[in-house]
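> Line order of the protein sequences matches chains A and B. Note that numbering that gives the first Met the number 0 has the first sequence beginning at 0, numbered continuously upward. Note that numbering that gives the first Met the number 0 has the second sequence beginning at 0, numbered continuously upward. Positions of the beta carbon are idealized from the N, C-alpha and C atoms, including for glycine.
2 protein chains.
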Amino acid sequence: MISPEELLRSHNLSVTAQRLAVLKVVQREPHSTADDIYNNVSAEIGTISRQSVFDTVNSFSERGLLRRIQPMGSSARYETRIGDNHHHLICRSCACLVDIDCVTGMRPCLTAADNVPHGYVIDEAEVIFWGYCPSCQTQQPPTESISKKGKK
Amino acid sequence: MISPEELLRSHNLSVTAQRLAVLKVVQREPHSTADDIYNNVSAEIGTISRQSVFDTVNSFSERGLLRRIQPMGSSARYETRIGDNHHHLICRSCACLVDIDCVTGMRPCLTAADNVPHGYVIDEAEVIFWGYCPSCQTQQPPTESISKKGKK
DNA sequence: TAAAAATCTGTATTGAGTACAGAAAAATGC
DNA sequence: GCATTTTTCTGTACTCAATACAGATTTTTA
Chain A
0 MISPEELLRS
10 HNLSVTAQRL
20 AVLKVVQREP
30 HSTADDIYNN
40 VSAEIGTISR
50 QSVFDTVNSF
60 SERGLLRRIQ
70 PMGSSARYET
80 RIGDNHHHLI
90 CRSCACLVDI
100 DCVTGMRPCL
110 TAADNVPHGY
120 VIDEAEVIFW
130 GYCPSCQTQQ
140 PPTESISKKG
150 KK
Chain B
0 MISPEELLRS
10 HNLSVTAQRL
20 AVLKVVQREP
30 HSTADDIYNN
40 VSAEIGTISR
50 QSVFDTVNSF
60 SERGLLRRIQ
70 PMGSSARYET
80 RIGDNHHHLI
90 CRSCACLVDI
100 DCVTGMRPCL
110 TAADNVPHGY
120 VIDEAEVIFW
130 GYCPSCQTQQ
140 PPTESISKKG
150 KK
């Protein structure tokens with residue numbers, strides 16, 4: 000397994016304590032928000048500025064080191080699982096997020112896009128499943144946070 | 000075909016000029032933003048307040064009259080094609096958005112989610128394809144708006 | 001060790017959307 | 001047609017996420 004330092008260097012990024020810590024924290028806690036990262040990295044290496052967090056996650060996701068997920072209704076989340084084309088399931092009620100491995104091969108839903116308009120090139124399929132997590136099914140839907148009414 | 004008035008009434012919404020105009024405008028121009036709607040409805044019926052636009056699109060999407068799409072990097076968009084489970088293709092460069100009909104049946108990518116964690120219930124699969132539109136392929140990627148660097 | 005890159009501090013701004021409250025207008029039920 | 005209810009309008013304020021900038025400082029790299 001490639002070391003975090005090598006990972007940074009191979010993407011033309013100099014190795015700093017902040018970047019290593021961000022990487023480590025997101026690896027440990029996938030689906031972290033920028034704020035989560037700020038808090039955890041602070042605990043890890045003493046201090047980091049919010050700006051640096053944003054700078055870091057931005058340059059990381061631009062370069063493909065992090066994957067950014069931005070489901071509607073919540074702030075952006077980041078994860079280190081990239082390239083394996085897994086998907087996400089978000090609970091409409093409590094907004095919790097879990098990974099879902101896609102069973103239809105490596106580039107799953109791209110095959111579903113045979114009728115792409117002429118001239119377009121697709122390089123990624125982003126899939127978000129919406130539903131309800133176990134604990135939110137048993138109780139009444141709370142004060143209607145992200146949920147849609149009128150759906151079965 | 001059901002009339003817009005009936006559509007509103009059947010969802011327990013009283014019929015108002017604003018709501019009819021929002022419906023009409025979004026039908027005519029799918030993938031409209033709240034701002035687009037505000038402008039077009041203003042042209043249509045003289046005036047509408049921004050708050051009413053937000054109120055309207057929110058109650059509409061809560062009730063399933065409108066579908067809300069919220070791709071990262073741009074503001075929420077609304078469309079009237081609901082329930083047919085089509086998907087969207089967004090250009091990384093110019094952020095334009097087109098519909099894509101899914102070829103794998105009515106609830107396409109739900110079948111790809113066989114390994115759902117126990118206890119979860121899924122009711123919708125939201126799929127966004129990312130790529131490049133014809134005109135953005137021929138030219139150099141512009142000043143790096145939403146695009147990811149370092150991707151083939 | 002020098003040059004370049006990254007970070008920090010601090011402040012400010014943008015953009016999207018929400019909140020609220022009172023007044024006015026319109027739609028609905030009878 | 002009238003009363004009640006719902007919706008809309010006006011206007012202002014606020015939140016939250018993210019970005020921008022600028023100068024000083026620190027750290028990395030060559």
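Compare the C-beta of Val97/B against all C-beta atoms of chain A and say whether one is closer than 8 Å.
Yes, its Cβ sits closer than 8 Å to a Cβ of chain A.
> Between Glu28/A and Glu4/A, what straight-line distance do the alpha-carbon atoms span, to the nearest angstrom?
Rounded to the nearest angstrom, the two C-alpha atoms are 19 Å apart.
> Can you tell which of Arg62/A, Gly118/A, Tyr119/A and Val97/A has the C-alpha that lies nearest to the C-alpha of Gly82/A?
The option with the nearest alpha carbon to Gly82/A is Arg62/A.
> From what residue to what residue does the beta strand (DSSP E) around Ile89/A run?
Unbroken beta strand (DSSP E) run through Ile89/A: His86 to Cys90.
> Have a look at Asn39/B and Ala20/B and give me their C-alpha separation to the nearest angstrom.
For Asn39/B and Ala20/B, the distance between alpha carbons rounds to 9 Å.
> Indicate whether at least one CB of chain B lies closer than 8 Å to the CB of Gly130/A.
Closer than 8 Å to some Cβ of chain B, the Cβ of Gly130/A qualifies, so yes.
> Give me, in chain order, the residues of the same chain whose beta-carbon lies closer than 8 Å to that of Arg106/A; leave out the 5 immediate sequence neighbours on both sides.
A caution first: Arg106/A carries a pLDDT of 49, below 50, which makes its placement in the model unreliable, though a value can still be read off. Counting only Cβ-Cβ distances below 8 Å, and skipping sequence neighbours, we find Asn84 and Ala124.
> What residue ranges within the region 44-76 of chain A form continuous alpha helix (DSSP H) runs of no fewer than 4 residues, ordered along the chain?
Those alpha helix (DSSP H) runs which fall completely within the region 44-76 of chain A and span 4+ residues are 49-62.
> Starting from Gly118/A, find everything on chain B with Cβ-Cβ shorter than 8 Å and list it in chain order.
Per Cβ cutoff of 8 Å: Cys132, Pro133 and Gln136.
> Which stretch, first to last residue, makes up the alpha helix (DSSP H) that contains Glu125/B?
No alpha helix (DSSP H) contains Glu125/B, which is instead part of the beta strand (DSSP E) from Val120 to Tyr131.
> With DSSP as the reference, label Leu12/B as helix, strand or coil.
Coil.
> Out of Phe59/A, Ser41/A and Arg91/A, point me to the one whose CA is closest to Tyr233/A's CA.
Because chain A here runs from 0 to 151, residue 233/A falls outside it and cannot be looked at.
> Check the DSSP bridge columns for Glu78/B and list the partner residues they point to.
DSSP, once it has assigned bridges, lists Arg66/B as partnering Glu78/B.
> Distance cutoff 8 Å, beta carbons only. Does Asp54/B sit that close to anything in chain A?
For Asp54/B, the answer is no, since every Cβ of chain A falls outside 8 Å of its Cβ.
> Under three-state DSSP, which class holds Ile1/B?
Of the three classes helix, strand and coil, the one that applies to Ile1/B here is coil, per DSSP.
> At 9 Å on the CB atoms, spell out the chain B contacts of Leu88/A, in chain order.
Those are Ala112, Val115, Pro116, Tyr119 and Ile121, listed as they occur along chain B.
> Within the continuous beta strand (DSSP E) that includes Val115/A, where are the two ends?
Careful: Val115/A lies outside any beta strand (DSSP E) and carries neither H nor E.
> As a quick exercise: from Leu12/A, Val120/A, Phe128/A and Ser9/A, pick the residue whose alpha carbon is nearest that of Ile68/A.
Looking at the Cα atoms, Phe128/A is the closest of the given residues.
> Please compile the residues from chain A whose C-beta is within a distance smaller than 8 Å of the C-beta of Met71/B.
The contacting residues are Arg67, Gln69 and Ala75.
> When you compare only the Cα positions, how much space is there between Gly104/A and His117/A?
Note that Gly104/A scores 48 on pLDDT, short of 50, meaning its location in the model is unreliable; the coordinates nonetheless yield the value given after this. Computed Cα separation, rounded: 25 Å.
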